Amino acid sequence: MSNKRIRLGMVGGGRDAFIGGVHRIAARIDDRFDLVAGALSSTPEKARASGEDLGLAADRIYDDYDAMAAKEADRDDGIEAVSVVTPNHMHFPAAKAFLMCGIHVICDKPLTSSLADAKALAEAAANSDALFILTHNYTGYPMIRQAREMVATGALGRLRVVQVEYAQDWLSADLEASGQKQAGWRTDPARSGAGGSTGDIGSHAFNLACFVTGLEVEELAADLDAFVPGRRVDDNGHVMLRFSGGAKGMLWCSQVAPGNENALRLRVYGEKGGLEWSQEDPNYLWYTPLGEPKRLLTRAGAGAGEAAARVSRIPGGHPEGYLEGFATIYNEAADAIQARRDGRPVPSECLYPTIADGVDGLRFIEGCVASSQANGTWIRLADL
Numbered sequence: 010m011s012n013k014r015i016r017l018g019m020v021g022g023g024r025d026a027f028i029g030g031v032h033r034i035a036a037r038i039d040d041r042f043d044l045v046a047g048a049l050s051s052t053p054e055k056a057r058a059s060g061e062d063l064g065l066a067a068d069r070i071y072d073d074y075d076a077m078a079a080k081e082a083d084r085d086d087g088i089e090a091v092s093v094v095t096p097n098h099m100h101f102p103a104a105k106a107f108l109m110c111g112i113h114v115i116c117d118k119p120l121t122s123s124l125a126d127a128k129a130l131a132e133a134a135a136n137s138d139a140l141f142i143l144t145h146n147y148t149g150y151p152m153i154r155q156a157r158e159m160v161a162t163g164a165l166g167r168l169r170v171v172q173v174e175y176a177q178d179w180l181s182a183d184l185e186a187s188g189q190k191q192a193g194w195r196t197d198p199a200r201s202g203a204g205g206s207t208g209d210i211g212s213h214a215f216n217l218a219c220f221v222t223g224l225e226v227e228e229l230a231a232d233l234d235a236f237v238p239g240r241r242v243d244d245n246g247h248v249m250l251r252f253s254g255g256a257k258g259m260l261w262c263s264q265v266a267p268g269n270e271n272a273l274r275l276r277v278y279g280e281k282g283g284l285e286w287s288q289e290d291p292n293y294l295w296y297t298p299l300g301e302p303k304r305l306l307t308r309a310g311a312g313a314g315e316a317a318a319r320v321s322r323i324p325g326g327h328p329e330g331y332l333e334g335f336a337t338i339y340n341e342a343a344d345a346i347q348a349r350r351d352g353r354p355v356p357s358e359c360l361y362p363t364i365a366d367g368v369d370g371l372r373f374i375e376g377c378v379a380s381s382q383a384n385g386t387w388i389r390l391a392d393l
């Protein structure tokens, strides 16, 4: 049983939805999941058509997630896990419905559209036997795992400075006014939550900085803007960070930076050296020991260790990136789910973002909004 593919369902991700296709590809890369059921759209007609597109059995195409959770939980061959890939405001009710039925949840980020919902979902997860996996996919990149290992083993010494930025340009104009679906919900606070760029990409930058350094952000001060006239959520943010242990950081997120496609970058500096990584060149990690020449570490080359090798799939010189990063999260989730099948503890090497990381992400988003509204006042995240 433990070696059989995991039966997977999906909520959201129907026709014209970008992220649903990404999750479906990622779930199949390592041949660990079979998609067998779905409530793929809030519109019944579209949900059915989307399910037919994917070859789902007619009796396993659902009009809504509540019916799907209840009926799949009653089936002997029901889904074991569900991917929630809806707009942010639907993460909470959908994920909670499956947690209450004991079905493992793999949820897109951010966790929810509000901190209150995030805390409530964390409580639901604590009262469920099901696992909860959050798909901050950049944590699955091999050289990010390498960077995390180097920081943890002391290669940089005591950390001092963390710089992270995530810049895009696709919302530089009023794209939402054209009816473009992705822009429409991401700039609608009722669906995205209070944060615009802070929620959509700033949450990734925040999570990545914490994942690699192992540090917690204790306080932040933010200056957010909506540069496009009429936009109701931020499209640019500058955030100062104070980490546990005394390190200081800066985070910039922008979706109005012409010339930037998906420019996520991380720089970490300590007493003994520094690391630099760029998502658009993901198989390389620059390492500079203090007083020595800069060194280029590659995913499959000299200098990369077991942490990178564990999540690498193909020979050196062949790029691994966005889809494989998602696949790594799905692969880690599969290991954890199979351990549960066998009655074993989740292996200690399983590494994926959890619901606690998701709650921290909502604290970051709402902390940024609160700070900016108070003219950049420092906000203690633990107080939120």
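Per this note's numbering, the sequence shown starts with residue 10, numbered consecutively. Heads up, the beta-carbon is just placed ideally off N, CA and C, and yes, glycines get one too. Every value quoted in this text rests on a predicted model; they were computed, and no experiment measured them.
Going by DSSP in three states, residue i sits in which element: helix, strand or coil?
i: Val272; result: Before going further, note that residue 272 is Ala rather than Val in the sequence given. Note: Ala272 maps to strand in three-state DSSP.
i: Thr207; result: helix
i: Pro198; result: helix
i: Gly352; result: coil
i: Val221; result: helix
i: Ile323; result: coil
i: Ala66; result: coil
i: Asp73; result: coil
i: Ser50; result: coil
i: Arg41; result: coil
i: Leu360; result: coil
i: Arg24; result: coil
i: Gln172; result: strand
i: Arg14; result: coil
i: Arg167; result: coil
i: Arg57; result: helix
i: Arg33; result: helix
i: Glu228; result: strand
i: Arg389; result: strand
Label residue i either buried or exposed according to how many other C-beta atoms from any shown protein chain fall within 10 Å of its C-beta, with 16 as the threshold for buried.
i: Ser253; result: exposed
i: Ser12; result: In the sequence on display, residue 12 carries Asn and not Ser. Exposed, because fewer than 16 other Cβ atoms sit within 10 Å of the Cβ of Asn12.
i: Glu174; result: buried
i: Ala203; result: buried
i: Thr52; result: exposed
i: Ala125; result: exposed
i: Lys105; result: buried
i: Gly310; result: exposed
i: Gly312; result: exposed
i: Leu236; result: The residue asked about is misnamed: residue 236 is Phe in this sequence, not Leu. Exposed, by the Cβ-count rule.
i: Arg24; result: exposed
i: Thr386; result: exposed
i: Ala66; result: exposed
i: Arg304; result: exposed
i: Ala384; result: Looking at the sequence itself, residue 384 is Asn, so the reference to Ala does not match. Exposed is the call here.
i: Asp243; result: buried
Pop quiz: residue i and residue j are said to be a contact at Cβ under 8 Å. What is the actual Cβ separation, rounded to whole angstroms?
i: Thr144; j: Phe27; result: That pair is no contact at about 14 Å.
i: Glu329; j: Ile323; result: 6 Å
i: Ser381; j: Asp209; result: So it is not a contact: roughly 16 Å between Cβ atoms.
i: Leu306; j: Gln155; result: 7 Å
i: Leu275; j: Leu217; result: 6 Å
i: Val20; j: Ala131; result: Going by Cβ atoms, the distance from Val20 to Ala131 rounds to 19 Å, so no, they are not a contact pair.
i: Gly149; j: Thr337; result: 3 Å
i: Ala127; j: Val368; result: 5 Å
i: Val376; j: Leu390; result: This sequence places Gly at residue 376; Val is not what is there. Gly376 to Leu390, Cβ: 5 Å. Contact.
i: Ala48; j: Met77; result: 5 Å
i: Ala56; j: Asp75; result: Contact flag wrong, Cβ pair sits at about 13 Å.
i: Gln264; j: Ser206; result: 5 Å
Does the beta carbon of residue i come closer than 7 Å to any beta carbon on chain B?
i: Ala391; result: Here chain B cannot be found, since the structure has a single protein chain.
Would you check if there are 3 or more beta carbon pairs closer than 8 Å linking the stretch 357-368 to the stretch 165-185? no
Decide if the stretch 164-181 is in contact with the stretch 270-282; the criterion is three or more beta carbon pairs, one per stretch, under 8 Å apart. yes
Can you confirm whether the stretch 246-266 touches the stretch 131-141 when touching is taken to mean that 3 or more C-beta pairs between the two stretches lie within less than 8 Å? no
Would you list, in sequence order, the uninterrupted beta strand (DSSP E) runs of no fewer than 3 residues that lie entirely inside the stretch 230-310? The stretch 230-310 contains these whole beta strand (DSSP E) runs: 245-252, 257-263, 272-279, 282-287, 293-298, 304-307.
Mind the definition here: the stretch 105-121 touches the stretch 82-89 only if three or more C-beta pairs lie below 8 Å; say whether that holds. yes
Would you list, in sequence order, the uninterrupted beta strand (DSSP E) runs of no fewer than 3 residues that lie entirely inside the stretch 87-157? As summarised for the stretch 87-157, the continuous beta strand (DSSP E) elements at least 3 residues long and confined to that stretch are 90-93, 113-116, 141-143, given in chain order.
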